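Asker:
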Amino acid sequence: MRDASTTRRGFIAAAGATLFAGCSDLDALSGESRETIRSYRLSEMVDDEFDPIVVESVPVNIERARLAETRQRVSELLGMLPMPFGPDAIPNGHVRGRLVDAADDASESVEQARTAQTRFAALRSLRDARGRARYAAAGWAFADGTTTDADLRAEYLGALSDAEALRTDHRYLGRDPVDAALVHARIERNLDRVGGERDPSIYADPDSLLAVAEWGEHAETARALVSDSRYLFDRLASSLPDDAGTVETRLANAAESLEEALRGRRSLPPEPTDHSLELPFRLRYELRDDAESSVRRVAESPGPASAVLAATRGLTDFSAYDSVRERIEDGERFRVEDAAGVRAVRSEALDAIRTALDESPRPGLARPVLADAATSVAFTDDALARYRGAVRPERLDDEIRRYTTAAARARSVPAACRRVLDALGV
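Residue numbering for the sequence shown follows the working numbering, beginning at 76 and increasing consecutively.
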């Protein structure tokens with residue numbers, strides 16, 4: 076069970092066919108022309124690290140000791156693996172490779188946590204590390220005869236019971252509704268994930284090593300989600316005075332009014348039937364689909380805090396759709412012809428994200444949407460860096476679409492935040 080947020084590996088898997096199908100022209104050896112862009116011109120404009128310029132945070136102090144404790148748990152799990160971890164330990168090369176890959180993933184996530192921009196981002200990376208390390212450790216423990224499928228299922232059910240208890244007893248402590256929403260939304264989502272993630276395949280042989288490894292990851296991630304939720308609540312509570320009340324009613328009322336406002340926006344104009352201009356059509360379709368889905372996302376949120384943040388995203392999506400639709404109707408086609416055009420579109424996205432964070436009345440409220448936009452830019456940078464040879468400009472339509480969408484969303488964030496603050500009475 077892994078975080079629902081998109082990973083770079085998942086993005087590459089989804090985009091790989093598009094990237095490599097026809098993106099190299101071995102006959103175009105004379106450099107950039109009107110028809111092609113040399114791939115080195117694309118890779119030189121992006122950061123090798125592909126790190127988002129904005130990441131999520133929460134308005135509580137996450138202690139270094141907490142991060143160290145989680146790193147120690149990962150080290151303990153990885154320390155259970157035999158060294159060397161070769162054929163003598165696991166004869167099946169495919170199975171052994173899966174366990175080694177999981178251990179490598181865990182180590183990579185620990186390293187990402189060390190360089191994370193915020194401690195909350197570090198906490199999430201370490202949670203991923205725990206899950207992957209447990210996959211490897213559980214697989215080996217099964218091979219070694221020290222754990223079973225039933226043991227790990229029971230451990231997961233224990234975490235599920237703990238999550239239900241936390242959800243039942245949860246109090247929406249807080250004074251500032253924005254800060255409270257940001258913390259409580261994360262707790263709501265964590266606890267919802269514990270029971271909402273798909274269990275390892277029911278068709279897998281329960282005596283299969285890899286099936287047991289999956290249950291190990293499932294159980295460990297559930298335990299980590301519960302533990303992180305409890306920790307975030309305790310840190311919030313400790314930052315408040317003893318007489319702090321709750322903001323549940325305030326959040327619920329705001330979520331209800333914002334959901335109603337989004338419902339009123341769903342009567343969008345009909346889309347053109349001419350799809351010959353593929354890039355503008357895909358831009359409109361993607362943003363329209365996200366906007367129209369926003370009411371459902373608010374209604375299906377696991378609690379009032381998550382609903383408020385989902386509404387912020389929904390208002391952003393409607394505004395972004397309106398702005399892109401108007402640009403298309405004014406004749407803009409968004410097509411680039413050379414590397415300078417790609418650089419300009421990318422720079423617009425980055426500038427829009429930075430400006431939105433600065434201009435939003437409450438940057439914390441803006442940060443979740445902007446973090447998603449920044450992640451989209453980083454993944455698109457990664458895609459650009461993977462091109463080889465000469466690239467025809469039309470091959471970059473997906474990248475231009477993602478940069479343009481990120482910019483449109485970012486520009487829409489400050490106004491969306493002001494609307495949400497009005498609903499919260501701030």
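All C-beta atoms in this analysis are idealised placements derived from N, C-alpha and C, irrespective of residue type, glycine included. The structure displayed is predicted, hence computed values, not measured ones.
Name the residue from ASP433, LEU499 and GLY270 whose alpha carbon lies nearest to the alpha carbon of ALA382.
Answerer: Along the sequence shown, read from residue 1 onward, the residue named residue 382 stands at position 307. Selected option, being the one with the closest Cα: LEU499.
Asker: By a C-beta neighbour count over all protein chains shown, 10 Å radius and 16 as the cutoff for buried, is ARG273 buried or exposed?
Answerer: The sequence position of residue 273 within the sequence shown is 198, counting from 1. Exposed.
Asker: Nearest CA to the CA of ALA453: which residue from ASP179, SER150 and LEU425?
Answerer: Here the question's residue 453 lines up with position 378 in the sequence shown. ALA453 has its Cα closest to that of LEU425, out of ASP179, SER150 and LEU425.
Asker: Evaluate TYR478 with the Cβ neighbour count: other Cβ atoms within 10 Å of its Cβ, from every protein chain shown; 16 or more gives buried, anything less gives exposed.
Answerer: Taking the first residue of the sequence shown as 1, we reach residue 478 at position 403. TYR478 should be labelled buried.
Asker: Round the Cβ separation of ASP473 and GLU353 to the nearest angstrom and send it over; I've been treating them as touching at under 8 Å.
Answerer: Residue numbering aside, residue 473 sits at position 398 when the sequence shown is read from its first letter. Residue numbering aside, residue 353 sits at position 278 when the sequence shown is read from its first letter. With 8 Å as the limit, ASP473 and GLU353 do not qualify as a contact, their Cβ atoms being about 11 Å apart.
Asker: Give me the Cβ distance between ILE128 and ARG429, rounded to the nearest whole Å; I'm assuming they're in contact under 8 Å.
Answerer: Along the sequence shown, one-based indexing puts residue 128 at 53. Along the sequence shown, one-based indexing puts residue 429 at 354. Confirmed, Cβ separation roughly 7 Å.
Asker: Consult DSSP for ILE112 and reduce its assignment to one of helix, strand or coil.
Answerer: Here residue 112 refers to the residue found at position 37 when the sequence shown is read from its first residue. Here ILE112 sits in strand by DSSP.
Asker: Tell me, please, which residues DSSP counts as bridged to ALA465.
Answerer: Locating residue 465 in the sequence shown gives position 390, counting from the first residue. Paired residue(s): ARG113.
Asker: Pull up the distance between the alpha-carbon of GLU239 and that of ASP303, whole angstroms please.
Answerer: Sequence index remark: in the sequence shown, residue 239 carries index 164 (1-based). Sequence index remark: in the sequence shown, residue 303 carries index 228 (1-based). GLU239 and ASP303: Cα-Cα distance of roughly 14 Å.
Asker: Rank ARG437, ASP163 and LEU152 by C-alpha distance to the C-alpha of ALA178 and give the top, closest one.
Answerer: Here residue 178 is taken as the residue at index 103 of the sequence shown, counted from 1. Comparing Cα-Cα distances from ALA178 to each of ARG437, ASP163 and LEU152, the minimum goes to LEU152.
Asker: Buried or exposed: where does ALA485 fall if 16 or more other Cβ atoms within 10 Å of its Cβ makes it buried?
Answerer: The residue given as residue 485 occupies position 410 in the sequence shown. ALA485 should be labelled buried.
Asker: Would you kindly work out how many angstroms separate the C-alpha atoms of GLY320 and TYR247, rounded to a whole number?
Answerer: On the sequence shown, position 245 is the one that residue 320 refers to. On the sequence shown, position 172 is the one that residue 247 refers to. Approximately 8 Å between the Cα atoms of the pair.
Asker: Can you tell which of MET155, ALA256 and ALA181 has the C-alpha that lies nearest to the C-alpha of TRP215?
Answerer: In the sequence shown, residue 215 corresponds to position 140, counting from 1. Here the closest residue by C-alpha is MET155.
Asker: Quick check: what's the CA-CA separation for ALA414 versus ALA482?
Answerer: Indexing the sequence shown from 1 puts residue 414 at position 339. Indexing the sequence shown from 1 puts residue 482 at position 407. Going from the Cα of ALA414 to the Cα of ALA482 covers about 18 Å.
Asker: What do you reckon, are the CB atoms on SER435 and VAL488 nearer than 8 Å?
Answerer: Locating residue 435 in the sequence shown gives position 360, counting from the first residue. Locating residue 488 in the sequence shown gives position 413, counting from the first residue. Against a cut-off of 8 Å, the Cβ pair of VAL488 and SER435 comes out as a contact.
Asker: For the alpha helix (DSSP H) holding TYR306, just list the boundary residues, first then last.
Answerer: As a working mapping, residue 306 is identified with position 231 in the sequence shown. Run containing TYR306: 284 to 314, per the alpha helix (DSSP H) assignment.
Asker: If I measure Cβ to Cβ from ALA491 and keep anything under 7 Å in the same chain, skipping five residues before and after, which residues do I get?
Answerer: Residue 491 sits at position 416 when you count from the first residue of the sequence shown. Closer than 7 Å at the Cβ level, and outside the excluded window around ALA491, lie THR387, LEU390, THR391 and SER394.
Asker: Please return the same chain residues whose Cβ sits closer than 6 Å to the Cβ of ASP497, not counting the five positions on each side in sequence.
Answerer: The residue labelled residue 497 in the question sits at position 422 within the sequence shown. Cβ neighbours of ASP497 beyond the five flanking positions: none.
Asker: Runs of 4 residues minimum, wholly inside the stretch 416 to 481: which ones carry the alpha helix (DSSP H) assignment?
Answerer: Segments of the alpha helix (DSSP H) lying fully in the stretch 416 to 481: 438 to 460.
Asker: Please state the DSSP three-state secondary structure of THR221.
Answerer: In the sequence shown, residue 221 corresponds to position 146, counting from 1. The answer is coil: DSSP assigns THR221 none of H, G, I, E or B.
Asker: Run the CB neighbour count on ASN167, radius 10 Å, all protein chains shown included, and call it buried at 16 or more, exposed below.
Answerer: Sequence index remark: in the sequence shown, residue 167 carries index 92 (1-based). Answer is exposed; the Cβ neighbour count stays below 16.
Asker: Taking buried to mean at least 16 other C-beta atoms within 10 Å of its own C-beta, is THR243 buried or exposed?
Answerer: For this step, residue 243 is matched to residue 168 along the sequence shown. Exposed.
Asker: Out of VAL501, ASP456 and ASN328, which one is the CA nearest neighbour of LEU117?
Answerer: The residue given as residue 117 occupies position 42 in the sequence shown. Among VAL501, ASP456 and ASN328, the Cα nearest to that of LEU117 is on ASP456.
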